[in-house]
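Trainee: This is the structure, below, for whatever I ask next.
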Amino acid sequence: MKARSLLGRLARRPALTAGGILVTLILALALLSLLWTPYDPTHVEAAQRLLPPGGEHLLGTDQFGRDVVSRLMTGARTTVFVGVVAVGFAVAIGVPMGVAAGMSGGPLSALLMRVSDFLLAFPALLLAIMLAAVYGTSTLTAMVAIGIASAPGFARVARAATLRVMAAEYVDAARLARRTRAAIAVRHVLPNIRDVVIVQASVAFATAVLAEAALSYLGLGTPPPTPSWGRMLLDSQELLFDKPELCLWPGLAVAAAVLGLNLLGDGLRDRFDPTLEGVR
Amino acid sequence: MSSRLLEVDGLTVDAGDRPLVRGVGFTVDRGERVGIIGESGSGKTLTALALLGLLGEGLRAGGSARLDGVPFDLLGATDRELSAVRGRLAGMVFQEPMTALNPVMKVGPQVAEALRLHGARSERPGRAAALATAVDLLDRLRLPDPARAARAYPHQLSGGQRQRAVLGGALATDPALLICDEPTTALDVTVQKEIVDLVTGVSDERGTAVLYISHDLALVASVCHRVLVMYEGEIVESGPVEQVLRRPEHPYTRALLKASDLTVPASRPAVPASRPPAPAEPRTLLKARGLTRRYARPRRALFAPRTHFTALEGLDLDLRAGGRVGVVGESGSGKTTLLRLLSGLDRPTSGTVDGPGVAGGAGGPGAAGKVAGHGLQVVFQDPMGSLDPRMRVRDIIAEPLPDRRSPAATARVAELLADVGLPAEAADRYPHQFSGGQRQRIAIARALAPRPSVLLADEPVSALDVSVRAQILDVLSKVTAEREMALCIVTHDLGVVRYLCDEVVVMKEGRVVERGPVERVWEAPGHPYTRQLLEAVPVLH
Numbered sequence: 001m002k003a004r005s006l007l008g009r010l011a012r013r014p015a016l017t018a019g020g021i022l023v024t025l026i027l028a029l030a031l032l033s034l035l036w037t038p039y040d041p042t043h044v045e046a047a048q049r050l051l052p053p054g055g056e057h058l059l060g061t062d063q064f065g066r067d068v069v070s071r072l073m074t075g076a077r078t079t080v081f082v083g084v085v086a087v088g089f090a091v092a093i094g095v096p097m098g099v100a101a102g103m104s105g106g107p108l109s110a111l112l113m114r115v116s117d118f119l120l121a122f123p124a125l126l127l128a129i130m131l132a133a134v135y136g137t138s139t140l141t142a143m144v145a146i147g148i149a150s151a152p153g154f155a156r157v158a159r160a161a162t163l164r165v166m167a168a169e170y171v172d173a174a175r176l177a178r179r180t181r182a183a184i185a186v187r188h189v190l191p192n193i194r195d196v197v198i199v200q201a202s203v204a205f206a207t208a209v210l211a212e213a214a215l216s217y218l219g220l221g222t223p224p225p226t227p228s229w230g231r232m233l234l235d236s237q238e239l240l241f242d243k244p245e246l247c248l249w250p251g252l253a254v255a256a257a258v259l260g261l262n263l264l265g266d267g268l269r270d271r272f273d274p275t276l277e278g279v280r
Numbered sequence: 001m002s003s004r005l006l007e008v009d010g011l012t013v014d015a016g017d018r019p020l021v022r023g024v025g026f027t028v029d030r031g032e033r034v035g036i037i038g039e040s041g042s043g044k045t046l047t048a049l050a051l052l053g054l055l056g057e058g059l060r061a062g063g064s065a066r067l068d069g070v071p072f073d074l075l076g077a078t079d080r081e082l083s084a085v086r087g088r089l090a091g092m093v094f095q096e097p098m099t100a101l102n103p104v105m106k107v108g109p110q111v112a113e114a115l116r117l118h119g120a121r122s123e124r125p126g127r128a129a130a131l132a133t134a135v136d137l138l139d140r141l142r143l144p145d146p147a148r149a150a151r152a153y154p155h156q157l158s159g160g161q162r163q164r165a166v167l168g169g170a171l172a173t174d175p176a177l178l179i180c181d182e183p184t185t186a187l188d189v190t191v192q193k194e195i196v197d198l199v200t201g202v203s204d205e206r207g208t209a210v211l212y213i214s215h216d217l218a219l220v221a222s223v224c225h226r227v228l229v230m231y232e233g234e235i236v237e238s239g240p241v242e243q244v245l246r247r248p249e250h251p252y253t254r255a256l257l258k259a260s261d262l263t264v265p266a267s268r269p270a271v272p273a274s275r276p277p278a279p280a281e282p283r284t285l286l287k288a289r290g291l292t293r294r295y296a297r298p299r300r301a302l303f304a305p306r307t308h309f310t311a312l313e314g315l316d317l318d319l320r321a322g323g324r325v326g327v328v329g330e331s332g333s334g335k336t337t338l339l340r341l342l343s344g345l346d347r348p349t350s351g352t353v354d355g356p357g358v359a360g361g362a363g364g365p366g367a368a369g370k371v372a373g374h375g376l377q378v379v380f381q382d383p384m385g386s387l388d389p390r391m392r393v394r395d396i397i398a399e400p401l402p403d404r405r406s407p408a409a410t411a412r413v414a415e416l417l418a419d420v421g422l423p424a425e426a427a428d429r430y431p432h433q434f435s436g437g438q439r440q441r442i443a444i445a446r447a448l449a450p451r452p453s454v455l456l457a458d459e460p461v462s463a464l465d466v467s468v469r470a471q472i473l474d475v476l477s478k479v480t481a482e483r484e485m486a487l488c489i490v491t492h493d494l495g496v497v498r499y500l501c502d503e504v505v506v507m508k509e510g511r512v513v514e515r516g517p518v519e520r521v522w523e524a525p526g527h528p529y530t531r532q533l534l535e536a537v538p539v540l541h
C-alpha cells in the first residue's frame, strides 16, 4: 500500500526525515541571523560577562559579554557558507576529474588518479597553514583549503562509479546511437553516478563543518570578531572548568550539523534511486 | 520406492502482508525425483529455501513440512535444529556455483568441511581423512584431476567444475534429499547435460531423492519422475512427467508447453510465405573477412614476454538483405567478441568489416569510439542493463534519432512502440516499471529507430522467461522481415536458431567449426562438436 499523506511518507523514511529536520533547522537559523538576532553577536559588554543561561540571555553570555544565542545563529551562517562553497569547490574539481579518468582509461586515467593520490596524501591541515601563511587567515582560505582537500575523495568515488556505468550495455547502445563522449558523460554517466556523489557530498559537507571548526579553533579560519562555531570553542576553552556550558553549545551545534547531514545523505540516496521505490 | 521422505502441507511464504507462496502441498518419496517448474516470481525457489530455513530477511514461512527421520516440523524449527538437517539429511545446490563457494577457500577443504561438520562428534573424520574422502568424491563426480582441483580456488575452475564441487559438498554426507535450484542455468548446454547426468546417476545409484527446480520444461522432463507446475505462488498442476506433458490440464501448463517448444519447425513464424520472392543474389549488407581479435594477457613478471589470448580467429561472414544468420557457441567461443567487432564497439586485431557506415579495417583496441552507427544496431542480452535506468522510455528510444526533441521524433517513438507491441503510454515510464519481455521490446524499438539495415542481437532472449521468448523472437522476426533487414543472432540456444534463422554458424574456441543452412546442419551435422551440441539439448516428447 502506498502511503498518500506527507506524514506517512516521511514516517517511512526516518533517516531522511530526521536529517532533513536537523539541516533545515540549521539553515533556518543561518538565514534568520541575516535579518534578526536577539543581540548584536559582536557587541562587547563588560558588565554582562559570563551570565548564566536564562533571563534576558537564553543561553547566557561569554567572557566578553556577548550573547551566546546570537553568536550561535551567526556561526551557523559561517558554517553553512563554508560548507557549501568548500563542497561546491570539491565537486567542481573532483567529479569532472573522476568522470574523465573513468571514461578515458589508460594513461590519462592513471595520471589523474596519481594527482588525486598526491592530494590525498597531503595533510589538509598543512595545506590550510600554507595557504594561510601566503594569503592570510580568512574564511575564503579555509574554504579553498577544505575544498582542495575534499576533491580527491570525489574524484575517486566518481571514477569508481563511472567505471561501473561504462561497463553497462546502455553505454554501448549510446555509442551505437552515435552519441559523442561528452553526450554520454552528461546524459548517461552523470545521472547514474549522482547518488554516490550526493552521498559523498553529504559526508564531505559534514567533514567541512568539522574542518572549519578545527581551523577556526586553531586560529586559521574565520578571524575574529566574526562568530564561528570553531572560534567559539576556542574562546570557551580557557573557561572549560568554570563554565563548561560555553563549550557545550557550539559543540552540540557542530554535532547536530554533522549528524543531520549524514542522515540526509543516506536518506537522499535511498530516495533518488528509482529502482528502490517501495523497497526498504 | 514407496516410503515417504518429504511431506509438505499448506506451505506459505509471506513478505509482510504480501503472500508469495500460497498453500503449497506436495510429497517426495525416497529415491524419487520431483521437478518444480515455474517462471521467475512463481515462488519455486522460495519454496525450496523455506524447507531448509534459508529464507531472507523479511520473509516468513507457514504451514508444515515433515522430513522422514526428523522429529520436528522443518517450518517451525529453530535455526539450530535446522542446521543439523541441512547438509546431513538434505543438501542443496544453487544456481550460481561461483557465489555458492567461498572464494578464498580451496575447493577440497570446502567439500571436506561438510563431512567434518555433520554426523556424531565421535564419528567425525579428521582433517586429512575428510580431505581424502572429498577428493574421492570429486573423482566420482568425474572432476578431471580431482587432487589438483581440490587444491584449487573456486575461480581457478570452470563453471561446470565449480558446480561439480558444489554438488560434491551437497552429497558429501550422503543426504536422503538433494535440492537443486536451477543448477545448470548459468552453464553451457554441453556442461548442463553432464551435470544433469551426474545428478540422475547419483540419485539412481544411492537412492537419493531429488527436488529439481527449473524454468526449463524439457530439462525437468529429462530428469524427473514427477513434476509440479507453479504459477503465482501456487501449484496449478502436478503429476507424472508423461501425463503433464502429454495431457496438460491447466491453461498455464499448456501455454508453458507451447512456449517451450521452440524446436518445432511447423511453428516457425509465417514470414517466408509472405516474404516477397528473394532476388537471385540478395544484396550483401555486411561483409567481414578474416576477423581476428587477440587480447594481451597481463605479464606474469615484469620482463616476461607478453602472451596473447585469441578470442576470435580468421572469421568470414556475410549478412545479406532479408537473411538471418545464427551464430551458435558456448561461453568462450568468441561469439560476443564477433558481435562487438561487427558493430564497431571493438576493433579487430586483423581483418576487415565492410558494412553500413563501418570504417572497417584493423586498428588498435584504443581506436574504439568510431562505431558502426545508424546502418547497424544491436539488441543486447540483458534488457535491464541495456536501458539507462534514469531515462524515460521516450528518451531511450529517441536516443539514436538525429533531432530527439522534435515532434517528428515523438511520432516516430509512438510508431516504434506500436511496432513492438507496446502501448503509447509506455513512453512516459521508466525501464524498471516494465517486465523483462517488455524491456526487451523497448530495446528492439530503440534499435529500429534509426532505420538500420543490419540488426545484431546478442542472446536476445536468454535473460527472459520461457513464456515470452517466442513472443520476443516473433517481434524480431516480424520487424526484420518487414524492413528487409539482415539479422544476425548470437546465442548459445540452438532452439532460438532453429526457430528463427536460415543459416547457422557454429563456433568453438574462436573458430568456425561448421556453417550452413539450418535444416542441413540439424539433419546432418558434419562436425562432432555440432553433434555434441545438438545431443545435449533437452527435448520434449
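Chains as they are written, first to last, in full-length UniProt numbering: chain A, 1 to 280; chain B, 1 to 541.
C-beta atoms are modelled at their ideal positions from N, C-alpha and C, and glycine is treated no differently.
#1: Count the CB pairs spanning the region 191 to 203 of chain A and the region 376 to 392 of chain B that are closer than 8 Å, and state whether there are at least three.
#2: Are the beta-carbon atoms of B/Pro146 and B/Leu157 separated by less than 8 Å?
#3: Please state whether DSSP places B/Glu535 in a helix, a strand or coil.
#4: DSSP three-state label for B/Met507, please.
#5: Confirm, please, whether the CB-CB distance from B/Gly10 to B/Ser64 is below 8 Å.
#6: State the start and end residues of the unbroken alpha helix (DSSP H) segment that holds A/Ser70.
#7: Going along the chain, which unbroken runs of the alpha helix (DSSP H) with 4 or more residues stay wholly within the region 200 to 242 of chain A?
#8: Kindly indicate the opening and closing residues of the alpha helix (DSSP H) around A/Ala142.
#9: What is the rounded straight-line gap between the Cα of B/Arg347 and the Cα of B/Ile179?
#10: Identify, in the order they occur along the chain, each residue of the same chain with its Cβ nearer than 8 Å to the Cβ of A/Ile184, setting aside the five sequence neighbours on each side.
#11: Can you list the residues of chain A that B/Gln377 reaches, using a CB-CB cut of under 9 Å?
#12: Whole-angstrom Cβ separation of B/Leu286 and B/Leu339, contact assumed at under 8 Å?
#13: Just checking: is the beta-carbon of B/Glu399 within a distance shorter than 8 Å of some beta-carbon in chain A?
#14: Is the beta carbon of B/Val479 closer than 8 Å to that of B/Ile444?
#15: Quick one: any contact between the region 203 to 211 of chain B and the region 167 to 185 of chain B, if contact means 3 or more CB pairs under 8 Å?
#16: Within the continuous beta strand (DSSP E) that includes B/Ala288, where are the two ends?
#17: Among the residues of its own chain, which have a CB less than 7 Å from the CB of B/Asp403, if the five just before and after it don't count?
#18: Tell me the start and end of each unbroken beta strand (DSSP E) in the region 87 to 131 of chain B that is at least 3 residues and wholly inside, in chain order.
#19: Determine the direct distance from the alpha carbon of B/Asp181 to that of residue 597 of chain B, and round the result to whole angstroms.
#20: Taking the alpha helix (DSSP H) that B/Asp14 falls in, what are its first and last residues?
#21: Below 7 Å CB to CB, which residues in the same chain sit around A/Leu210 once its five sequence neighbours on both sides are set aside?
#22: Starting from B/Leu387, find everything on chain A with Cβ-Cβ shorter than 7 Å and list it in chain order.
#23: Give the interface partners of A/His188 over in chain B, defined as CB-CB distance under 9 Å, in chain order.
#24: Thinking C-beta only, is B/Val506 closer than 8 Å to B/Arg520?
#25: Hey, how far is the Cα of B/Leu89 from the Cα of B/Glu7?
#26: Check whether the region 291 to 310 of chain B touches the region 461 to 474 of chain B, counting contact only when three or more Cβ pairs, one atom from each stretch, lie closer than 8 Å.
#27: How about B/Lys106 and B/Tyr153: are their beta carbons less than 8 Å apart?
#28: From this set, A/Ala92, A/Leu34, A/Val68, A/Met73, which residue's C-alpha is nearest A/Glu45's C-alpha?
#29: Terminal residues of the continuous beta strand (DSSP E) containing B/Val461?
#30: Under 8 Å, Cβ to Cβ, is there at least one residue of chain B near A/Pro191?
#31: Would you kindly report the start and end of the unbroken alpha helix (DSSP H) that includes B/Gln377?
#32: Using only the alpha-carbon positions, how far apart do A/Ser33 and A/Met73 sit?
#33: I'd like to know if the region 225 to 234 of chain B and the region 28 to 41 of chain B are in contact, where contact means that at least 3 CB-CB pairs between them fall below 8 Å.
#34: Look up B/Val454 in the DSSP assignment and say whether it is helix, strand or coil.
#35: Can a CB atom of chain A be found closer than 8 Å to the CB of B/Ser203?
#36: Mind checking which residues open and close the alpha helix (DSSP H) that includes B/Thr480?
Mentor: With the given structure in hand:
#1: yes
#2: Locating residue 146 of chain B in the second sequence gives position 146, counting from the first residue. Locating residue 157 of chain B in the second sequence gives position 157, counting from the first residue. Result no, Cβ atoms of B/Pro146 and B/Leu157 do not sit closer than 8 Å.
#3: In the second sequence, the residue the question calls residue 535 of chain B occupies position 535. In this structure, DSSP gives B/Glu535 a helical state, which the three-state scheme calls helix.
#4: Here residue 507 of chain B refers to the residue found at position 507 when the second sequence is read from its first residue. Here B/Met507 sits in strand by DSSP.
#5: Position 64 of the second sequence, counting from 1, holds the residue named residue 64 of chain B. Position 10 of the second sequence, counting from 1, holds the residue named residue 10 of chain B. Taking 8 Å as the cut-off, the beta carbon of B/Ser64 is found closer than this to the beta carbon of B/Gly10.
#6: Here residue 70 of chain A is taken as the residue at index 70 of the first sequence, counted from 1. Its alpha helix (DSSP H) spans residues 68 to 104.
#7: 229 to 237
#8: Looking up residue 142 of chain A in the first sequence gives position 142. Unbroken alpha helix (DSSP H) run through A/Ala142: 139 to 166.
#9: Locating residue 347 of chain B in the second sequence gives position 347, counting from the first residue. Locating residue 179 of chain B in the second sequence gives position 179, counting from the first residue. So the two alpha carbons sit approximately 45 Å from each other.
#10: Residue 184 of chain A sits at position 184 when you count from the first residue of the first sequence. For A/Ile184, the CB contacts under 8 Å within the same chain, skipping 5 residues up- and downstream, are Met103, Val171, Ala174, Arg175 in chain order.
#11: Start at 1 with the first residue of the second sequence, and residue 377 of chain B comes out as number 377. Under the 9 Å cutoff, chain A gives Ala173, Leu176, Ala177.
#12: The count along the second sequence starts at 1 and reaches residue 286 of chain B at position 286. The count along the second sequence starts at 1 and reaches residue 339 of chain B at position 339. For a cut-off of 8 Å, the C-beta gap from B/Leu286 to B/Leu339 is around 12 Å, too long to register as a contact.
#13: Residue numbering aside, residue 399 of chain B sits at position 399 when the second sequence is read from its first letter. Answer yes: the Cβ-Cβ gap between B/Glu399 and chain A drops below 8 Å somewhere.
#14: The residue labelled residue 444 of chain B in the question sits at position 444 within the second sequence. The residue labelled residue 479 of chain B in the question sits at position 479 within the second sequence. Their beta carbons are under 8 Å apart, which means B/Ile444 touches B/Val479 by this criterion.
#15: Touching, yes, given that three or more Cβ pairs across the two stretches are closer than 8 Å.
#16: By one-based count along the second sequence, residue 288 of chain B stands at place 288. 284 to 296 is the span of the beta strand (DSSP E), which, as asked, contains B/Ala288.
#17: Taking the second sequence and counting its residues from 1, one reaches residue 403 of chain B at position 403. A distance below 7 Å between beta-carbons, with the five flanking residues on each side excluded, links B/Asp403 to the following residues of its chain, in chain order: Ala409.
#18: If we require 3 residues or more, the beta strand (DSSP E) runs fully inside the region 87 to 131 of chain B come out as 90 to 93.
#19: Residue coverage of chain B in this structure runs from 1 to 541, which leaves residue 597 of chain B outside it and unanswerable.
#20: Within the second sequence, the letter at position 14 stands for residue 14 of chain B. Premise fails: B/Asp14 lies in the beta strand (DSSP E), 4 to 15, not in any alpha helix (DSSP H).
#21: Here the question's residue 210 of chain A lines up with position 210 in the first sequence. Excluding positions up to five away in sequence, the list reads Val254, Val258.
#22: For the purposes of this step, residue 387 of chain B is taken as residue 387 along the second sequence, with counting starting at 1. Within 7 Å Cβ-Cβ: Tyr170.
#23: Position 188 of the first sequence, counted from the first residue, corresponds to residue 188 of chain A. What A/His188 touches in chain B: Asp388, Arg390, Met391.
#24: The residue you call residue 520 of chain B lines up with position 520 of the second sequence. The residue you call residue 506 of chain B lines up with position 506 of the second sequence. For B/Arg520 and B/Val506, no; Cβs fall outside 8 Å.
#25: Looking up residue 89 of chain B in the second sequence gives position 89. Looking up residue 7 of chain B in the second sequence gives position 7. Straight-line Cα distance between these residues: approximately 14 Å.
#26: no
#27: Residue mapping note: residue 106 of chain B aligns to position 106 of the second sequence, counting from 1. Residue mapping note: residue 153 of chain B aligns to position 153 of the second sequence, counting from 1. Yes; because the gap between Cβ atoms is below 8 Å, this pair is in contact.
#28: Taking the first residue of the first sequence as position 1, residue 45 of chain A is located at position 45. Comparing Cα-Cα distances from A/Glu45 to each of A/Ala92, A/Leu34, A/Val68, A/Met73, the minimum goes to A/Val68.
#29: To locate residue 461 of chain B, count along the second sequence from 1; it is residue 461. Careful: B/Val461 lies outside any beta strand (DSSP E) and carries neither H nor E.
#30: The residue you call residue 191 of chain A lines up with position 191 of the first sequence. Yes, A/Pro191 counts as interfacial toward chain B.
#31: One-based indexing of the second sequence puts residue 377 of chain B at position 377. Under the DSSP assignment, B/Gln377 falls outside any alpha helix (DSSP H), being part of the beta strand (DSSP E) whose first and last residues are 376 to 379.
#32: Within the first sequence, the letter at position 33 stands for residue 33 of chain A. Within the first sequence, the letter at position 73 stands for residue 73 of chain A. Their Cα atoms are separated by approximately 6 Å.
#33: yes
#34: Residue numbering aside, residue 454 of chain B sits at position 454 when the second sequence is read from its first letter. Under the three-state reduction of DSSP output, B/Val454 falls in the strand class.
#35: Counting from one through the second sequence, the residue named residue 203 of chain B turns up at place 203. It does not; no Cβ of chain A falls within 8 Å.
#36: In the second sequence, counting from the first residue as 1, residue 480 of chain B sits at position 480. Unbroken alpha helix (DSSP H) run through B/Thr480: 466 to 482.
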